[in-house]
Amino acid sequence: KHVYSGHFHKPHMVHTGKKSSNCISIRYVGSPYQTSFSEAGQAKSLLLVDSRKHWQCIEEIPIDIGPRYHRLSSMHRFLDSGSANFRQGDKVAVTVCQQEVDEMRIRAETDETT
Numbered sequence: 081k082h083v084y085s086g087h088f089h090k091p092h093m094v095h096t097g098k099k100s101s102n103c104i105s106i107r108y109v110g111s112p113y114q115t116s117f118s119e120a121g122q123a124k125s126l127l128l129v130d131s132r133k134h135w136q137c138i139e140e141i142p143i144d145i146g147p148r149y150h151r152l153s154s155m156h157r158f159l160d161s162g163s164a165n166f167r168q169g170d171k172v173a174v175t176v177c178q179q180e181v182d183e184m185r186i187r188a189e190t191d192e193t194t
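Quick note: the sequence shown uses our numbering, first residue 81, plus one each step.
Here it is, written out as structure tokens:
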């Protein structure tokens, strides 16, 4: 048996029962687009199910709609990624370590004196 459900934003499956005759697969489809930074990097999709095949999923169709969320581990990665990776409405969080902050501060002070 197949059960499809929503609410959970991250797509995943849960199997119940030990024997294949009693096994029920519950598939949480996930949200159709990223809604927060907790979904950064998650691929989204639509499921095509066939009622003639006992509601079995026959195709997973990737979709890429709405704003995306990106987490980057340094300012260098942000600058190296370029704006081509981002589209209007995307949200970006950059984690900057203290060493990187110090390097930027020194670079800015050097630029001011030259």
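Backbone N, C-alpha and C fix where the C-beta goes; we use that ideal spot for every residue, glycine too.
{"query": "Classification of Tyr149 by the beta-carbon crowding that lies within 10 angstroms, buried from 16 upward", "result": "buried"}
{"query": "Three or more C-beta pairs below 8 angstroms linking the region 134-150 and the region 110-122", "result": "yes"}
{"query": "Assigned exposure category for Gly169 - 16 Cβ within 10 Å defines buried", "result": "exposed"}
{"query": "Assigned secondary structure, Asp160 (DSSP; H/G/I helix, E/B strand, else coil)", "result": "helix"}
{"query": "Supposed close pair Gly110, Lys124 - CB separation, criterion 8 angstroms", "result": "6 angstroms"}
{"query": "Val94 versus Arg151: straight-line alpha-carbon distance, rounded", "result": "28 angstroms"}
{"query": "Rounded separation between Gln163 and Ile186 - CA only", "result": "Looking at the sequence itself, residue 163 is Ser, so the reference to Gln does not match. One C-alpha to the other measures close to 25 angstroms."}
{"query": "Integer Cβ distance of Ile104 from Val83, believed to fall under 8 angstroms", "result": "6 angstroms"}
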